[in-house]
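A.B. asks: Going by this note's numbering, the residue at position 219 of the sequence shown is 224; the numbering climbs one at a time, nothing skipped. Beta carbons: idealized from backbone N, C-alpha and C, even for Gly. After the structure tokens below, expect a handful of questions from me.
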Amino acid sequence: MHSIIVVPTAADPSAQIRLAPGDTLHFGRSAPADHRRHLLLPHAGVSRSAGEITCVGTFWSLSNFSPSTTYVVENPEGAGEHIKVAPGRVEAPVPFEFARIVLPAGGDLLGLDVWAPRHEYVEFGAPDGPDGPDDAGGQGDRGGTPTVVAFPLDRTKRYFLVLTALCEPRLRGRPHAPLPTVEQVVTRLRPIWPEVNRAAVQWNIGYLAVKLRLRAAPDTAAADPDGPGIRLNGKKDALVSLALRFDLVREEHLAALAAPVTGRPRR
């Protein structure tokens, strides 16, 4: 049996509403006439019938009954990841285990926190499941050729430390935080990389841009009308956007910023 938990963010955290599969929770400024289960949001900027949350197994859906207001569902753990539910949209599936519904209400932003059950995943290597080594650059499933890795990053290298430091502010729950400057990255990495300097950080940013195919390699850069490639700030923005969109850097990787570098990582 799976269930989801809804908590009004302005309420006592203990005021939880638990929904079992198939249950629906109506929310808005007034209760519906058909006596559906209801969450009262007594704000003049909230529609009388604002929407519904429906529990569907291990996920949930959101209906937006507002005729003019778009709702946003944020993933507080996803460094800016969100979905938009347009006015009138019904049963939009929400993929996040932990989510926050943001409702524009007059000059305020109201919120509802929603916890879904832990997501289920296929077991790689199981008799009836996919063969994990295929996607890990191994021998391929059932003796076939291995799948080419989309983003070949070595998380023991210093370029990954630079990428992690660039992503850190947004991974720590500030999805719209400005990206660190090169000087801030140098300061952040110095305790674990004593010889780091501005040139080394810039070199690794450029290396990442080539490795992740965001710009041409040096031997083909002459074809680029901007010369050696996009400006540094543009490269940082593109790298962080790509890394967070595809989970190349995740919250657990931040632990490396507090650990000494071992071995002989790349420059």
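Is it buried or exposed, Lys-162, if we count other Cβ atoms within 10 angstroms and call 16 or more buried?
C.D. replies: Residue numbering aside, residue 162 sits at position 157 when the sequence shown is read from its first letter. Under this definition Lys-162 is a buried residue.
A.B. asks: Which partner residues does Ile-22 have in the DSSP bridge list?
C.D. replies: The sequence position of residue 22 within the sequence shown is 17, counting from 1. Beta-bridge pairing links Ile-22 to Val-11.
A.B. asks: Tell me whether Pro-174 sits in a helix, a strand or coil according to DSSP, three-state version.
C.D. replies: Start at 1 with the first residue of the sequence shown, and residue 174 comes out as number 169. Correct three-state label for Pro-174: helix.
A.B. asks: Between which two residues does the alpha helix (DSSP H) harbouring Ile-210 extend?
C.D. replies: Counting from one through the sequence shown, the residue named residue 210 turns up at place 205. Residues 203-216.
A.B. asks: With distances taken from CA atoms, which of Leu-45, Gly-50, Gln-189 and Ala-155 is nearest Leu-108?
C.D. replies: In the sequence shown, counting from the first residue as 1, residue 108 sits at position 103. For Leu-108, the nearest C-alpha among the options comes from Gly-50.
A.B. asks: Have a look at Phe-64, Leu-117 and Ala-182 and flag the residue whose alpha-carbon is nearest the alpha-carbon of Glu-125.
C.D. replies: For the purposes of this step, residue 125 is taken as the residue at position 120 of the sequence shown. Closest option to Glu-125, Cα to Cα, is Phe-64.
A.B. asks: Among the residues of its own chain, which have a CB less than 7 Å from the CB of Leu-158, if the five just before and after it don't count?
C.D. replies: The residue given as residue 158 occupies position 153 in the sequence shown. For Leu-158, where only same-chain residues beyond five positions count, the Cβ hits under 7 Å are Phe-165 and Leu-253.
A.B. asks: Please return the same chain residues whose Cβ sits closer than 6 Å to the Cβ of Ser-52, not counting the five positions on each side in sequence.
C.D. replies: Translated into positions along the sequence shown, residue 52 becomes position 47. Here the set comprises Gly-33 and Ser-71.
A.B. asks: CA-CA distance, His-181 and Gly-85?
C.D. replies: By 1-based counting over the sequence shown, the position of residue 181 is 176. By 1-based counting over the sequence shown, the position of residue 85 is 80. Those two C-alpha atoms are separated by around 7 Å.
A.B. asks: Any contact of the segment 24-38 with the segment 90-102, i.e. 3+ C-beta pairs under 8 Å?
C.D. replies: In short, these stretches do not touch, since the Cβ pair count stays below three.
A.B. asks: Is it buried or exposed, Glu-79, if we count other Cβ atoms within 10 angstroms and call 16 or more buried?
C.D. replies: Position 74 of the sequence shown, counting from 1, holds the residue named residue 79. So Glu-79 counts as buried.
A.B. asks: Return the Cβ separation of Ile-58 and Val-119 in integer angstroms, given the expectation that the two are a contact with Cβ distance under 8 Å.
C.D. replies: Counted from its first residue, the sequence shown places residue 58 at position 53. Counted from its first residue, the sequence shown places residue 119 at position 114. About 7 Å; that satisfies the 8 Å criterion.
A.B. asks: Counting along the chain, where does the beta strand (DSSP E) carrying Arg-193 start and finish?
C.D. replies: Within the sequence shown, residue 193 is the residue found at index 188, counting from 1. No beta strand (DSSP E) holds Arg-193; the alpha helix (DSSP H) holding it covers 187-194.
A.B. asks: Compare the beta carbon distance of Leu-171 and Lys-216 with 8 Å and say whether it is the shorter of the two.
C.D. replies: Here residue 171 is taken as the residue at index 166 of the sequence shown, counted from 1. Here residue 216 is taken as the residue at index 211 of the sequence shown, counted from 1. Not closer than 8 Å, so no.
A.B. asks: Please report the distance separating the alpha-carbon of Ala-205 from that of Leu-176.
C.D. replies: Residue mapping note: residue 205 aligns to position 200 of the sequence shown, counting from 1. Residue mapping note: residue 176 aligns to position 171 of the sequence shown, counting from 1. Whole-angstrom Cα-Cα distance: 23 Å.
A.B. asks: Which residues share a DSSP beta bridge with Pro-109?
C.D. replies: As a first step, residue 109 must be located in the sequence shown, where it is residue number 104. Its beta-bridge partners are Leu-114.
A.B. asks: With which residues is His-43 paired in a DSSP beta bridge?
C.D. replies: Taking the sequence shown and counting its residues from 1, one reaches residue 43 at position 38. DSSP, once it has assigned bridges, lists His-31 as partnering His-43.
A.B. asks: Straight-line CA distance for Trp-208 to Leu-168?
C.D. replies: For the purposes of this step, residue 208 is taken as the residue at position 203 of the sequence shown. For the purposes of this step, residue 168 is taken as the residue at position 163 of the sequence shown. Distance between the alpha carbons of Trp-208 and Leu-168 is about 12 Å.
A.B. asks: Taking its Cβ as the centre, do 16 or more other Cβ atoms sit within 10 Å of Ser-73, making it buried, or is it exposed?
C.D. replies: One-based indexing of the sequence shown puts residue 73 at position 68. Under this definition Ser-73 is an exposed residue.
A.B. asks: Is the beta carbon of His-87 closer than 8 Å to that of Val-95?
C.D. replies: As a first step, residue 95 is located in the sequence shown; it is residue number 90 there, counting from the start. As a first step, residue 87 is located in the sequence shown; it is residue number 82 there, counting from the start. No, the pair does not count as a contact, with Cβ atoms beyond the cut-off.
A.B. asks: Compute the Euclidean distance between the alpha carbons of Arg-115 and Arg-41, then round it to the nearest angstrom.
C.D. replies: To locate residue 115, count along the sequence shown from 1; it is residue 110. To locate residue 41, count along the sequence shown from 1; it is residue 36. Checking the displayed sequence, the identity of residue 115 turns out to be Leu instead of Arg. Their backbone Cα atoms lie some 22 Å apart in a straight line.
A.B. asks: Nearest CA to the CA of Val-90: which residue from Pro-81, Asp-113, Ser-66 and Gly-112?
C.D. replies: Along the sequence shown, one-based indexing puts residue 90 at 85. Nearest option by C-alpha distance: Ser-66.
A.B. asks: Please report how far the alpha carbon of Ala-243 lies from the alpha carbon of Thr-192, in whole angstroms.
C.D. replies: Along the sequence shown, read from residue 1 onward, the residue named residue 243 stands at position 238. Along the sequence shown, read from residue 1 onward, the residue named residue 192 stands at position 187. Spanning the two alpha carbons is a distance of roughly 22 Å.
A.B. asks: Using a 10 Å radius around the Cβ and a threshold of 16 neighbouring Cβ atoms, would you call Asn-202 buried or exposed?
C.D. replies: Counting from 1 along the sequence shown, the entry for residue 202 is found at position 197. So Asn-202 counts as exposed.
A.B. asks: Using C-beta distances below 8 Å, list every residue in its chain close to Ala-20, excluding the 5 sequence neighbours before and after it, in chain order.
C.D. replies: Sequence index remark: in the sequence shown, residue 20 carries index 15 (1-based). Taken in chain order, the residues that qualify are Val-12 and Pro-13.
A.B. asks: Report the option in Pro-199, Gly-178, Ala-261 and Ile-210 whose CA atom is closest to the CA atom of Ala-104.
C.D. replies: Translated into the one-based positions of the sequence shown, residue 104 becomes position 99. Checking every option, the nearest Cα to that of Ala-104 belongs to Gly-178.
A.B. asks: How big is the Cα-Cα spacing for Gly-232 and Asn-238?
C.D. replies: Working through the sequence shown from its first residue, we reach residue 232 at position 227. Working through the sequence shown from its first residue, we reach residue 238 at position 233. Only weak support is given to the placement of Gly-232: the predicted model assigns it a pLDDT of 41, under 50, and the question is left unresolved by the model.
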